[in-house]
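Novice: Structure incoming, see below.
In my numbering, the protein residues as written are 31 to 295.
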């Protein structure tokens, strides 16, 4: 029986097939202007506060349905920017998350924070598309890619000046981490990609097996300052937080309280 991740990936292949009939890599190369500089999350992690917040923008999800009916991605991004986010994550999948690449493009016009394109990348064309749209970071999900694909996509990202959030969901995914590490951040997804259930302990268990020199972000299910303090205690560089902020009546204040819990100064 097909699970939700399988379903998403199957549909993504159809999407990319349609995309290739309209655009080529050369088309996206022509849209890329200048070097992608000044929006590095890795630099922020290395040089600034000990714990960082990647704040997500998404209207809906397969597990929750519509999260924010009055959805305004630019307004949400500005709130994050004004209240201490280190980066912004923008969902661009339409069918399952009600996202769109235009959301990322519009956010790029209004903030200077690093932007992660949160997408199910299965083809190199999507990486060029991401760079042309203004993304600084792309998501690669280890569960849906083999090691050779990850290596190739990492090389492509380096060439385009993009950083990579490589998402792990299981200890077995660690074998897919590339030897080159200059543009890589590890993300551990606490959400089971087959059932979409969440358990923050997933991050703690997988991190024990990771190289100490890699920045590691915990993703999904982080609800409050106590969760953030726990992750900081275990050596995480930060957290990616979506639903908690999207559902909050005052996301700016919620973010400030989380930041204060781990970075009191």
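The beta carbon of each residue, even a glycine, is placed where N, CA and C say it ideally should be.
With a Cβ-Cβ cutoff of 8 Å, do residue 266 and residue 246 count as a contact?
Specialist: For residue 266 and residue 246, yes; Cβs fall inside 8 Å.
Novice: Since residue 217 and residue 116 should fall inside the 8 Å C-beta cutoff, what is the C-beta to C-beta distance between them, to a whole number of angstroms?
Specialist: About 14 Å separates the two Cβ atoms, so there is no contact after all.
Novice: Could you tell me the distance, in whole angstroms, from the CA atom of residue 294 to the CA atom of residue 59?
Specialist: Each residue's Cα considered, the two are about 43 Å apart.
Novice: Might you give, ordered along the chain, the residues of its own chain that have their beta carbon closer than 7 Å to the beta carbon of residue 153, omitting 5 neighbours on each side?
Specialist: Cβ neighbours of residue 153 beyond the five flanking positions: 46.
Novice: Tell me, please, which residues DSSP counts as bridged to residue 47.
Specialist: Note: residue 47 sits in no beta bridge, so no partner.
Novice: Given this structure, state the Cα-to-Cα distance separating residue 198 from residue 35, to the nearest angstrom.
Specialist: In a straight line, the C-alpha of residue 198 is about 14 Å away from that of residue 35.
Novice: Is the distance from the Cβ of residue 150 to the Cβ of residue 39 below 8 Å?
Specialist: Yes; because the gap between Cβ atoms is below 8 Å, this pair is in contact.
Novice: Express the C-alpha separation of residue 284 and residue 255 in angstroms, rounding to a whole number.
Specialist: Taking the straight line from one Cα to the other gives about 9 Å.
Novice: Locate the alpha helix (DSSP H) running through residue 187, then write down its first and last residues.
Specialist: Counting along the chain, the alpha helix (DSSP H) containing residue 187 begins and ends at 177-190.
Novice: Leaving out the 5 sequence neighbours to the left and right, which residues in its chain are closer than 6 Å to residue 171 when beta-carbon positions are compared?
Specialist: Excluding positions up to five away in sequence, the list reads 197.
Novice: Indicate whether residue 131 and residue 148 have their beta-carbon atoms separated by less than 8 Å.
Specialist: No, they are not a contact pair.
Novice: Hey, quick one: how far does the alpha helix (DSSP H) through residue 105 stretch, first residue to last?
Specialist: Where residue 105 is concerned, the enclosing alpha helix (DSSP H) stretches over 103-112.
Novice: Please name the residue in 241, 192, 239 and 85 whose C-alpha comes closest to that of residue 27.
Specialist: With the chain represented from 31 up to 295, any question about residue 27 goes unanswered, as that position is not in the structure.
Novice: By DSSP's criteria, residue 140 is part of a beta bridge. Which residues make up the other side?
Specialist: Answer is none; residue 140 lacks a bridge partner.
Novice: Where does residue 82 sit, in a helix, a strand or coil, going by DSSP?
Specialist: It is a strand residue.
Novice: Which term fits residue 106, buried or exposed, when burial requires 16 or more other beta carbons within 10 angstroms of its beta carbon?
Specialist: Residue 106 comes out buried.
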